[in-house]
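Protein chains in written order, with the numbering used here: chain A, 505 to 631; chain B, 32 to 375.
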């Protein structure tokens, strides 16, 4: 090999950079999201699988509806009606009362930082 | 090869790959497509890249190839300023500068010129930056998108991943926040593809090996954008899968959509295809002999490494062997007998 020293050094640097996730995670057992579902309420505004994937779109729709057309009543697919409100409906005492035990679990896990809390105030939690 | 045929071959290839991923998903081959193929692709990519680089390293470059556009270092009264030092370096520092500008800023594309007809019969060469602009947008966006994907492969996420996400989603449009880099990446690939198709000279030199990677990347970008903004997937399950891959504890969550498997399979194909295609310029750019060697042909003696071993017989050894006979025959010698004996 010609200029072997330099080329091997470059290769090693390249391999180290490319395998970054492998050695970065070494030894650290990743904490998986541990969602605490509400005890009192059993049914969300939409089925669980739908909410898992598309809750942000529901909230987006709610926001636009309330802010732009002042319509606050949401009619779910099964006919139930809800007051469109993040703080008073989603995060009411009966449902997802604790942001840290619900929202943050997956958001932290997948490094998502939604800007809901730029305007909204999450419910106070006792430590 | 005819452009239509090239497009058909590349298109069918990418379409076929999508079909394979869909069939795999329908047949519930989640372990194969979610675990086995990603590992195989990663192994092919790493070993393939190492093989290619080592192979290049074994090729001798006995003589500098000064494909330069600048004055080489010469007599002290010939002007040799910083532009020449970068373009036609004779020192290692200059080579580092040239390589840095090449790798980071794509300087050789930046210098691209285009011949144009002026008034009458005159021709002129004008700067043409579109290729450079498309290339730099493409490469940097791809790099940012790839770095952003580390959020699926690390836990907790390193600070720079979060930082890049913040900057990338700076405008806070749409929900989930639109990342500029992903959209720009799609635009840049489309631009590079259109450039290839619309400029006759470039189209003439394009082959399936050029169209296939473009189609592949376009499909990867498209499936990624669709997954994030339109059809949605279960990101938490996906992270369990990806994190399991890098932690070597693979597990396959059940409820992941077909779009993710299409995306993942095409990325695997891209990685496995990488070392054997033109895409390998990722490693090759560092080993371009016209870029990474100083132009010191006249300063340093370069010995050809494949010169055969030649048995030499110097005049001194010859005379030592035949000195007495030469003296006896009356031939002139450089050294007398006595002095050579003392030396030997």
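Cβ coordinates follow ideal geometry from the N, Cα and C atoms, glycine included. The model shown is predicted, which means the values in this text are computed figures rather than measured ones.
- Residue range 346-359 is occupied by the alpha helix (DSSP H) that includes residue 351(B).
- For chain A, the residues of the segment 252-266 of chain B that bring a beta carbon within less than 8 Å of one of its beta carbons are 263, 264, 265, 266, in chain order.
- For residue 562(A), the closest of 581(A), 524(A), 527(A), 511(A) by C-alpha to C-alpha distance is 581(A).
- Counting only Cβ-Cβ distances below 8 Å, residue 610(A) has contacts in chain B at 266, 267, in chain order.
- For residue 587(A), the secondary structure class from DSSP, reduced to helix, strand or coil, is strand.
- When DSSP assignments are scanned along the segment 542-579 of chain A, the uninterrupted stretches of beta strand (DSSP E) that are 3 or more residues long and fall wholly within it turn out to be 577-579.
- The residue from 98(B), 225(B), 213(B), 295(B) with its alpha-carbon nearest to that of residue 198(B) is 213(B).
- According to the DSSP assignment, residue 145(B) belongs to the beta strand (DSSP E) that extends over 144-148.
- Bridge partners of residue 155(B) according to DSSP: 147(B).
- With a cut-off of 8 Å on Cβ pairs, the segment 252-268 of chain B is in contact with the segment 610-618 of chain A, counting three or more such pairs.
- Note on geometry: alpha-carbon atoms of residue 75(B) and residue 64(B) lie some 16 Å from one another.
- For residue 582(A), no chain B residue has a Cβ inside 9 Å of its Cβ, as the nearest lies near 21 Å away.
- Residue contact check for residue 347(B) against chain A: no CB pair falls below 8 Å.
- Comparing alpha carbon positions, the residue from 624(A), 604(A), 548(A) closest to residue 630(A) is 604(A).
- Pairing residue 302(B) with residue 246(B), the inter-Cα distance amounts to about 14 Å.
- Taken atom to atom, the span from the alpha-carbon of residue 202(B) to that of residue 506(A) is near 49 Å.
- Counting along the chain, the unbroken alpha helix (DSSP H) around residue 127(B) starts and ends at 123-136.
- Using beta-carbon distances, residue 192(B) counts as an interface residue toward chain A, with a partner under 8 Å.
- In this chain, residue 100(B) is not harboured by any alpha helix (DSSP H), its DSSP state being neither H nor E.
- When Cβ pairs closer than 8 Å are counted between the two stretches, the segment 88-102 of chain B is seen to touch the segment 317-334 of chain B, the count reaching three or more.
- Here DSSP, grouped into helix, strand and coil, assigns residue 212(B) to helix.
- Per DSSP, residue 506(A) lies in no alpha helix (DSSP H) segment and is marked neither H nor E.
- Flagged as an interface residue toward chain A: residue 182(B), by a C-beta distance shorter than 8 Å.
- For residue 611(A), the enclosing alpha helix (DSSP H) has its first and last residue at 607-613.
- Residue 230(B) and residue 527(A) have their C-alpha atoms spaced approximately 45 Å apart.
- Contact annotation: in the segment 550-565 of chain A, residues whose CB is within less than 8 Å of a CB in chain B are 553, 556, 557, 558, 560, 561, 563, 564.
- Distances from the CA of residue 525(A) to each of 67(B), 276(B), 293(B) were compared; the closest alpha carbon is that of 276(B).
- Taking CB atoms only, residue 513(A) has no neighbour in chain B less than 8 Å away.
- Residue environment for residue 254(B): buried (at least 16 other C-beta atoms within 10 angstroms of its C-beta).
- Residue-level contact by beta carbon fails for residue 281(B) and chain A, as no gap is shorter than 8 Å.
- For residue 619(A), no alpha helix (DSSP H) encloses it, and the DSSP letter there is neither H nor E.
- Near chain A, meaning a CB-to-CB distance below 8 Å, the residues of the segment 312-330 of chain B are 314, 317, 318.
- Excluding five sequence positions before and after residue 353(B), none of the CB atoms of its chain fall closer than 8 Å to its own CB.
- In the structure shown, residue 271(B) falls within a helical segment according to DSSP collapsed to helix, strand and coil.
- Per the coordinates, the alpha-carbon of residue 513(A) lies some 40 Å from the alpha-carbon of residue 55(B).
- Residues of the same chain with a CB within less than 7 Å of the CB of residue 299(B), apart from the 5 flanking positions on each side, are 68, 69, 72 in chain order.
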